[in-house]
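**Student:** Mapping the sequence shown onto the working numbering, position 54 (from 1) lands on 37, and the numbers just tick up by one.
Ideal Cβ positions, reconstructed from N, Cα and C, are used throughout, including at glycine.
All values derive from a computational prediction rather than experimental measurement.
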Amino acid sequence: MKKVVLFVISLVITVIAFAQEPYRLTISIYGDGCKAGDIIYLYKLDQKTLRGKLVDSLVIGKNNQVCFTGTYNHPEIVGFSVKNKAGSSSFLIDAPEVRVYSVLQQEEKSLLNPTGYRIKDNTLMIEGGKENEALRYYQVLYKGYSSRSKTIGVEDSTKYTILLKSLKENPNSWGLLYFFNLGKRNFSLEQLDEILALYSDPKIFNSQLYKNLIEYKNKEMKLKLGEFIPDFELPSIAGENIKMSSFRGCYVLLDFWASWCGPCSAELINVRKAYDLLKDKGLKVVAISTDEKEKDWLKAVNAKKMNDFVNLRDSKRVLWNLFNRNSIPFILLIDPEGRIVGKELRQENIYEVPSKLMK
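1. Under the three-state reduction of DSSP, which class applies to Gly111: helix, strand or coil?
2. Just grab the DSSP bridge partners of Pro218 for me.
3. Might you give, ordered along the chain, the residues of its own chain that have their beta carbon closer than 7 Å to the beta carbon of Asn155, omitting 5 neighbours on each side?
4. Keeping to the same chain, check which residues put their C-beta closer than 7 Å to that of Ala241; ignore five residues upstream and five downstream.
5. Report the option in Leu175, Asp21, Leu172, Tyr199 whose CA atom is closest to the CA atom of Lys31.
6. Do you know whose CA, among Ile23, Leu305, Leu28, lies nearest Asn164's CA?
7. Quick test of the definition: if touching needs 3 or more C-beta pairs under 8 Å, does the segment 291 to 303 touch the segment 315 to 325?
8. Would you report the Cα separation of Ile60 and Leu41, rounded to the nearest angstrom?
9. When the Cα atoms are used, what is the spatial distance from Asn332 to Tyr161?
10. Less than 6 Å between C-beta atoms, sequence neighbours within five positions excluded: which residues of the same chain meet that for Asn294?
11. So Trp243 is in the alpha helix (DSSP H); what residue range does that whole segment cover?
12. Assuming Arg231 contacts Gly321 (C-beta within less than 8 Å), just tell me the rounded distance between them.
13. Helix, strand or coil, according to DSSP, for Leu208 in the structure here?
14. Could you give the distance in angstroms between the alpha-carbon of Ser190 and the alpha-carbon of Trp157?
15. What residue from Leu25, Asn67, Gly166, Leu37 has the CA that sits closest to Asn344's CA?
16. Does the Cβ of Ala257 have 16 or more other Cβ atoms within 10 Å, making it buried, or fewer, making it exposed?
17. Please report how far the alpha carbon of Leu281 lies from the alpha carbon of Leu217, in whole angstroms.
18. Would Glu210 and Ile323 qualify as a contact pair, given that the criterion is a beta-carbon distance under 7 Å?
19. Just confirm the distance between the C-beta atoms of Leu260 and Ser171, as a whole number of angstroms; I'd bet it's less than 8 Å.
20. By alpha-carbon positions, which one of Gln48, Tyr24, Leu25 ends up nearest to Lys18?
Here is the structure:
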């Protein structure tokens, strides 16, 4: 049976006219999952990388409380975790007073927090601030759909619809902008345009999260279907540098992968099928490994029987930045003129798309 840790967080902010404002964050711990002497870590969201950055840590006092003080840029997403305890919680600072009720671990039976909301599945309840209300609106819509869905998870198109509805009900929400940043790789250029057009607050335009979307969109424009793929040069197994432009006149499946990547291995079956079906018609497979260690790359090429592909390595992941990606597998189809005619190919599309174009 899991131990219960209920955190009641009282955040009091002294609002002043400067860009950075002081805060006093008090976390009270209830339950037997934590005790005096345990360490709580406080994080802030890096709005460029969307990763948490450790900013402070304190020991829980005898009164089962810790108190953090510091400054924040309005608004701010912060989070906390307990050393050697599973789970974490995050919330948004955007009001003079914010109260957070959170359970990091729990028993099989659900708990009721002080406001009467049921807490389960590592969720949290937040009171205070317009932005937190917007996030709560989104979470209610999202959970309502996912609880009715018979499939695992929620489809990307439905997530987009829910986020868009939430934004229309909560105009210029900075907090929802964070969720759009998280899901941007699953949105089309048309959807990104629709999102950006709904924001009108100049303060939002100057925010890093908004700038992230603009930057992402501009890079994606270069990878639109029909655009010429940027030329690049990478080393092969033989040690010679090979340019992408050297494959002009052929259809090319460009497959970004790594030896440690499970999904890449799964899609390799479909890449192999495409090659076996179409190699006599001139299809080339250019497999670009992102392995840092050469020995891992070479071992995987042999183990996965990829020696009949053109094998290149991008150990510094230069192309990840060029192609605006941070995950693999990433598979493109390039036509004989060097234009992108297939993008984000997965499963049967890996062989069906080139088969239709190479009839």
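**Tutor:** Well, looking at it:
1. Confidence is the limiting factor: at Gly111 the pLDDT is only 46, short of 50, which leaves the residue's position unreliable, though a coordinate-based value still follows. Three-state result, Gly111: coil.
2. Asn224
3. Tyr182, Ser183, Asp184, Ile187
4. If we look at Ala241 and ignore the five residues flanking it on each side, its Cβ neighbours are Cys247, Ser272, Thr273, Asp274, Ile311.
5. Tyr199
6. Nearest Cα to Asn164 within the set Ile23, Leu305, Leu28: Leu28.
7. Contact fails between the segment 291 to 303 and the segment 315 to 325, because fewer than three Cβ pairs, one in each stretch, are under 8 Å apart.
8. 19 Å
9. 31 Å
10. Closer than 6 Å at the Cβ level, and outside the excluded window around Asn294, lie Ile220, Ala270, Val284.
11. Taken as a continuous stretch (DSSP letters only), Trp243 belongs to no alpha helix (DSSP H), as it is neither H nor E.
12. Contact between Arg231 and Gly321 is confirmed by a C-beta separation of about 6 Å, below the 8 Å threshold.
13. coil
14. 9 Å
15. A question about residue 344 goes unanswered here, because the residues of the chain that appear run from -16 up to 342.
16. Ala257 is buried by the Cβ-count criterion.
17. Between Leu281 and Leu217, the C-alpha separation is close to 15 Å.
18. yes
19. In fact, because the Cβ distance is near 29 Å, the residues do not count as touching under 8 Å.
20. Gln48
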